[in-house]
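Chains as they are written, first to last, in our numbering: chain A, 309 to 520; chain B, 33 to 42.
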Amino acid sequence: MNIFRLFGDLSHLAAIIILLLKIWKSRSCAGISGKSQILFAIVFTTRYLDLLTSFISLYNTSMKMIYIGCSYATVYLIYAKFRATYDGNHDSFRVEFLIVPVGGLAVLINHDFSLLEILWTFSIYLESVAILPQLFMISKTGEAETITTHYLFCQGLYRALYLINWIWRFYFEGFFDMIAIVAGVVQTILYCDFFYLYVTKVLKGKKLSLPA
Amino acid sequence: GMSVDEHDEL
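Okay, here's the thing in C-alpha cells:
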C-alpha cells in the first residue's frame with residue numbers, strides 16, 4: 309500500500325458517499341444517471357467475487373463490502389425509492405454498446421482464461437467506460453448540480469491517483485498490470501474534459517453549465 | 033510476470 313493508492317481509495321469512497329448522501333438528503337436523483345450507477349454496481353459485483361474465495365486484508369474486505377453495499381443502495385434509491393425524480397428521458401445512453409464490446413474484449417484479452425479472471429477483466433474494462441452515461445446525461449441537460457460535480461471530481465481523481473500508484477509500484481516493486489493500467493488511462497482521459505470545466509468553473513464558484 | 037494470480041487492489 310502507498311499513499312497514492314490509499315488516497316485513491318479514499319477519493320473513491322468519498323465519491324460513493326457524496327452521491328449516496330446527495331440522493332438521500334435531497335430525496336431526489338435529478339441529474340444522476342441511473343445507468344452509470346447500474347454499471348458501477350456490475351463493476352463491483354464482478355470484480356469482488358473474490359470476497360468468496362480469498363482474504364487479503366481487513367481493509368480490502370471491508371472496503372469491498374462498503375463499495376458493493378453503497379452502490380446497490382444508490383441503485384435502489386434511484387430506481388425504487390426516488391424513482392419519481394429519476395430523469396429517464398435524459399439518461400438515454402445505450403449501455404449495451406458498452407457491455408457487449410467490453411464483454412467480448414474481456415474474453416479475448418485477459419491474464420488467465422478462468423471465470424473469475426475474465427469477470428475481473430470485464431469489470432476493469434467496464435469501469436473505464438461506466439461514467440459515459442453520466443457524462444452523456446450532463447451534455448444533454450447542459451448542466452450539473454454542484455454536488456454532482458464534486459462526486460464526479462472524486463470519481464475521476466481516484467483512478468488518476470491509481471495511475472500514480474502503478475508508477476510507484478512499478479518503480480519500487482516491479483509490479484505492473486497492463487490491463488488495469490491501459491483501462492485506467494482510458495478512464496482518466498474520459499474525465500479530462502470534465503476536469504477542465506470543474507477547475508475553471510466550479511472551483512471559481514460558478515455553476516457547471518455546458519454550452520447547450 | 034503478467035499473470036496476476038491474486039488482485040490485491042480494489
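For each residue, glycine too, the CB sits at the ideal point set by N, CA and C.
Hey, is residue i close to the ligand GDP, as in C-beta under 7 Å from one of its heavy atoms?
i: P441/A; result: Ligands displayed in this structure: none; no statement on the ligand GDP is therefore possible.
Please report how far the alpha carbon of residue i lies from the alpha carbon of residue j, in whole angstroms.
i: S436/A; j: A491/A; result: 6 Å
i: S422/A; j: W428/A; result: 10 Å
i: A411/A; j: A438/A; result: First, the amino acid is wrong: residue 411/A is Gly here, not Ala. Whole-angstrom Cα-Cα distance: 13 Å.
i: H398/A; j: V510/A; result: 22 Å
i: L321/A; j: E41/B; result: 14 Å
i: S362/A; j: F352/A; result: 16 Å
i: L413/A; j: V403/A; result: 16 Å
i: L359/A; j: T369/A; result: 7 Å
i: Y384/A; j: L347/A; result: 13 Å
i: S35/B; j: F480/A; result: Confidence is the limiting factor: at S35/B the pLDDT is only 48, short of 50, which leaves the residue's position unreliable, though a coordinate-based value still follows. Straight-line Cα distance between these residues: approximately 19 Å.
Would you list the one or two residues that DSSP bridges to residue i?
i: S517/A; result: E451/A
Got a sec? Which residues, its chain only, sit under 7 Å from residue i by beta carbon, not counting five neighbours each side?
i: F390/A; result: I331, R335, S336, C337
i: T382/A; result: L327, L328, I331, Q345
i: D485/A; result: none
Helix or strand or just coil, what does DSSP make of residue i?
i: D40/B; result: coil
i: N418/A; result: coil
i: V393/A; result: A quick correction: the sequence has Thr, not Val, at residue 393/A. Helix, per DSSP.
i: R402/A; result: coil
i: M309/A; result: coil
i: S431/A; result: helix
i: T508/A; result: helix
i: D358/A; result: helix
i: A388/A; result: helix
i: I439/A; result: coil
i: A338/A; result: coil
i: F502/A; result: helix
i: S344/A; result: helix
i: V410/A; result: helix
i: D485/A; result: coil
i: I364/A; result: coil
For a contact meaning CB atoms closer than 9 Å, what does residue i contact in chain C?
i: R313/A; result: Among the protein chains of the structure shown, namely A and B, there is no chain C.
So, at 6 Å on beta carbons, what are the nonlocal neighbours of residue i in its own chain, with the 5 sequence-adjacent residues on each side left out?
i: A488/A; result: I432
i: V494/A; result: S436
i: I324/A; result: C378
i: R467/A; result: G492, Q495, T496
i: Y375/A; result: F352
For residue i, I'd like the list of residues in its chain whose CB is within less than 8 Å of its CB, leaving aside the five on either flank, ordered along the chain.
i: G33/B; result: Residue confidence is low: G33/B scores 39 on pLDDT, short of 50, so the model does not pin down where it sits. No coordinate-derived value is stated.
i: F503/A; result: F461, G464
i: L424/A; result: L357, D358, T361
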